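Colleague: My questions all concern the structure below.
Residue numbers (the working numbering): 8 to 294.
Next comes the structure, spelled out in structure tokens:
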């Protein structure tokens, strides 16, 4: 990924939508389990030996989980609503989880003092504890913020991607197809008449189309099957990996055992598999 691509990635704003409670609970459980494992392994803080170590660590981690859940499920949405914030940036996610770390650090300080039979808010070590907790949690906060930022980016991209099956039903041939490009993460519009061919690549397709005097291509999250089912003639499936606009075919070479299609505006040749040879011949005879 180039420096320019990284800059675009981390300066993009995202519409903040609240996760479902079930999703937030799942994330909370996952994060809490990781913290508990780290605490069991490293024992980063001390407590009175009168208490069972594993239960105390579980108590702390449970408190962290509750704080995380309340912030993500309630505080962040309320904060956005109050200040009328609709879009977040990368730094918004990082700062929000730094806030969570500070709240957890303060709560940790209170609970630890309670277990060690000290004043709940012991000002002598409060600032030091908050500073250490913040520094200790800065990298995890940045990592968590980055994870959620990318998760929201993906969610927004998927939301923009119109379901192709609905889009292409009774589709006017000259109307543009609007899809989200995976290569540029932008909504693009392509007229079917400009498409030369579509190539399959697992759960993605690459659409090759005429753009002005040049040939462009866009990587789109969809399947070739979706296109072949809903794009009618002159679009023709000629191979398990290719769908061709037959109006763009300028020459056909080969025999019944193997055909090659030569398209306008490009030197690329498209193979025709034996399964689709008769279909191509019929299309040729019908013109």
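Note that beta-carbon positions come from the ideal geometry of N, C-alpha and C, so glycine has one too.
Here the structure is a predicted model, which is why all the values come from computation and not from measurement.
Just the C-alpha distance for residue 107 and residue 160, rounded to the nearest angstrom, thanks.
Modeller: So the two alpha carbons sit approximately 21 Å from each other.
Colleague: Measure from the alpha carbon of residue 222 to the alpha carbon of each residue in 235, 239 and 204, then state which is nearest.
Modeller: Closest option to residue 222, Cα to Cα, is 204.
Colleague: Suppose you measure from the CA of residue 40 to the CA of residue 68; what does that come to, to the nearest Å?
Modeller: Between residue 40 and residue 68, the C-alpha separation is close to 8 Å.
Colleague: Which residue comes first and which comes last in the beta strand (DSSP E) that contains residue 30?
Modeller: That residue, residue 30, is in no beta strand (DSSP E); its alpha helix (DSSP H) goes 28 to 49.
Colleague: Please determine, among 289, 290 and 24, the residue with the shortest C-alpha to C-alpha distance to residue 156.
Modeller: Checking every option, the nearest Cα to that of residue 156 belongs to 24.
Colleague: Rounded to whole angstroms, what's the CA-CA distance from residue 180 to residue 229? Just pull it up for me.
Modeller: Unreliable placement is indicated for residue 180, whose pLDDT of 45 sits below 50; no coordinate value is reported for it.
Colleague: Do you know whose CA, among 248, 105 and 121, lies nearest residue 137's CA?
Modeller: For the residues 248, 105 and 121, the minimum Cα distance to residue 137 belongs to 105.
Colleague: Residue 199: which of 255, 65 and 35 sits nearest, CA to CA?
Modeller: For the residues 255, 65 and 35, the minimum Cα distance to residue 199 belongs to 255.
Colleague: When the Cα atoms are used, what is the spatial distance from residue 127 to residue 118?
Modeller: Spanning the two alpha carbons is a distance of roughly 7 Å.
Colleague: Can you tell me whether residue 21 is buried or exposed, with buried defined as 16 or more other CB within 10 angstroms of its CB?
Modeller: With 16 or more Cβ atoms within 10 Å of its Cβ, residue 21 is classed as buried.
Colleague: Between 217, 60 and 231, which has its C-alpha nearest residue 122's C-alpha?
Modeller: Nearest of 217, 60 and 231 to residue 122, Cα basis: 60.
Colleague: Going by DSSP, which residues form a beta bridge with residue 213?
Modeller: In DSSP, residue 213 forms a bridge with 206 and 226.
Colleague: Alpha carbon to alpha carbon, what distance is there between residue 140 and residue 31?
Modeller: Approximately 23 Å, taken between the alpha carbons.
Colleague: Once the 5 residues before and after residue 96 are set aside, which same chain residues still bring their CB inside 6 Å of it?
Modeller: Excluding residues within five positions, the ones whose Cβ falls inside 6 Å are 20.
Colleague: Using a threshold of 8 Å, state whether the C-beta atoms of residue 231 and residue 290 are closer than that.
Modeller: Contact: no.
Colleague: Name the one or two DSSP bridge partners that residue 95 has.
Modeller: The partner list for residue 95 (beta bridge, DSSP) reads 21.
Colleague: Around the C-beta of residue 46, are 16 or more other C-beta atoms found within 10 angstroms, so that it is buried, or is it exposed?
Modeller: Buried, because 16 or more other Cβ atoms sit within 10 Å of the Cβ of residue 46.
Colleague: Helix or strand or just coil, what does DSSP make of residue 189?
Modeller: In this prediction, residue 189 scores a pLDDT of 49, lower than 50, which makes its location untrustworthy; the coordinate-derived value is nonetheless stated afterwards. DSSP places residue 189 in coil when its eight states are reduced to three.
Colleague: Can you tell me where the beta strand (DSSP E) with residue 259 in it begins and where it stops?
Modeller: Unbroken beta strand (DSSP E) run through residue 259: 256 to 262.
Colleague: Are the CB atoms of residue 270 and residue 257 within a distance shorter than 8 Å?
Modeller: In this structure, residue 270 lies closer than 8 Å to residue 257 by Cβ.
Colleague: Using only CA atoms, which one of 248, 63, 85 and 148 lies nearest to residue 208?
Modeller: That would be 248, whose Cα lies nearest to the Cα of residue 208.
Colleague: Going by beta-carbon coordinates alone, are residue 43 and residue 62 separated by less than 8 Å?
Modeller: Against a cut-off of 8 Å, the Cβ pair of residue 62 and residue 43 comes out as no contact.
Colleague: Helix, strand or coil, according to DSSP, for residue 280 in the structure here?
Modeller: DSSP places residue 280 in coil when its eight states are reduced to three.
Colleague: In three-state terms, what does DSSP make of residue 265?
Modeller: Reduced to three states, the DSSP call for residue 265 is strand.
Colleague: Looking at residue 212: is its Cβ nearer than 8 Å to the Cβ of residue 234?
Modeller: Contact flag set, yes.
Colleague: Taking the straight line between their C-alpha atoms, what separation do you get for residue 79 and residue 135?
Modeller: Using only the alpha carbons, I get a separation of about 26 Å.
Colleague: Please report the straight-line C-alpha distance between residue 26 and residue 74, rounded to a whole angstrom.
Modeller: Cα to Cα, residue 26 sits roughly 16 Å from residue 74.
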